[in-house]
Amino acid sequence: MRLSDITSKKFEDERKNIDIVVIPVGSLEAHGQHLPLGTDIFAPGLICDRIEKRMGDRAWIAPGISYGQSDSLSVYPGTITIPSEVMAEYVFYVGKSFYDQGVKKIILMNGHGGNVVALRLAAEKLSRIGAAAVVVNWWMDYLDDILTITKTRGHAGEDESSAMMYYNEDLVDMSTLFTNNHKSKYRVYFPNSGLVDLKHAITGDPTEASREKGEKIFDMLEEKMCELITFMENEEYLVNND
Ligand SMILES: [Zn+2]
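Okay, so the sequence shown: first residue is 270 according to my numbering, each after it adds one.
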């Protein structure tokens with residue numbers, strides 16, 4: 270159920286039945302020259318649309334958090350970045366407020382790599398107050414499944430470009446494609462690292478992206494998210510099957 274669309278009364282009536290919230294998290298960030306700046310919030314938003322259609326009576330869908338930590342790409346026009354420590358606190362307090370409202374299980378549906386540190390910190394803190402929090406990084410957690418659909422992966426690469434072509438082809442400009450196969454030996458944090466590690470704001474090769482592949486990615490993600498919601502509903506994380 271979409272929280273932004275219902276009244277306080279409706280929330281009060283339903284909260285005894287629904288104790289899971291899905292919060293989409295993304296960024297405003299350069300993605301090559303061919304994908305929109307909102308790519309990383311559009312993908313989680315579409316996954317949430319699919320969850321709403323399939324299981325809207327079993328999970329709250331929260332408004333998204335559309336800004337993230339994009340330090341490395343902040344050298345590229347249009348990228349907005351906030352520090353991980355600020356974001357972690359902000360997301361923690363969003364989650365805590367849900368917890369205080371009786372929603373004890375929190376799914377952070379993340380579309381952006383730079384957010385991972387902040388979201389894991391927030392999830393850790395949420396667990397300390399009694400919540401159950403999980404961070405889903407769709408392009409990473411389901412990579413094996415994605416690579417049955419696309420040949421390669423990358424930031425604005427084949428997988429993410431396919432996802433955006435399916436989301437809205439009008440927002441994608443496939444006339445200007447860069448590729449970047451650079452892989453650093455170590456993850457070194459340094460100023461403007463995106464100029465080296467993410468040259469042209471891209472990793473990988475988007476040339477073989479397609480709308481059809483994007484549809485298959487979202488079909489797969491929908492199934493995975495429905496599984497996760499059932500897992501959280503049944504509190505399977507509390508069970509050790511050994
Ligand atoms: Zn992205």
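Glycine included, C-beta positions come from ideal geometry on N, C-alpha and C.
Here the structure is a predicted model, which means the values were calculated and not measured.
DSSP has residue i in a bridge; who is on the other side?
i      : result
Leu377 : Ile292, Val404
Thr350 : Gly337
His300 : Leu304
Asn449 : Gly473
Ile330 : Arg271, Val291
Could you please give the first and the last residue of the uninterrupted alpha helix (DSSP H) stretch that includes residue i?
i      : result
Val355 : 353–369
Thr308 : 308–324
Asp488 : 480–502
Val441 : No alpha helix (DSSP H) contains Val441, which DSSP labels as neither H nor E.
Ala432 : 427–437
Phe459 : From DSSP, Phe459 is part of no alpha helix (DSSP H); its letter is neither H nor E.
Ile415 : 412–415
Glu393 : 385–397
Asp282 : 277–283
Quick one: is residue i buried, meaning 16 or more other Cβ sit within 10 Å of its Cβ, or exposed?
i      : result
Ile275 : exposed
Asp413 : exposed
Phe487 : buried
Pro313 : buried
Phe367 : buried
Leu297 : buried
Glu429 : buried
Gly399 : exposed
Asp511 : exposed
Asn379 : buried
Val363 : buried
Contact check, residue i vs residue j under 8 Å by CB: the rounded distance?
i      : j      : result
Ile376 : Ile289 : 7 Å
Val294 : Leu388 : 7 Å
Ala401 : Lys365 : With a Cβ gap of about 13 Å, Ala401 and Lys365 do not count as contacting.
Please indicate yes or no: does the CB of residue i lie closer than 7 Å to some heavy atom of ligand 1?
i      : result
Glu429 : yes
Thr350 : no
Gly380 : yes
Asp442 : no
His424 : yes
Thr419 : no
Asp282 : no
Asp410 : no
Asp474 : no
His300 : yes
Asp466 : no
Under a CB-based cut-off of 8 Å, is residue i close to chain D?
i      : result
Pro352 : In the structure shown, chain D does not exist; there is a single protein chain.
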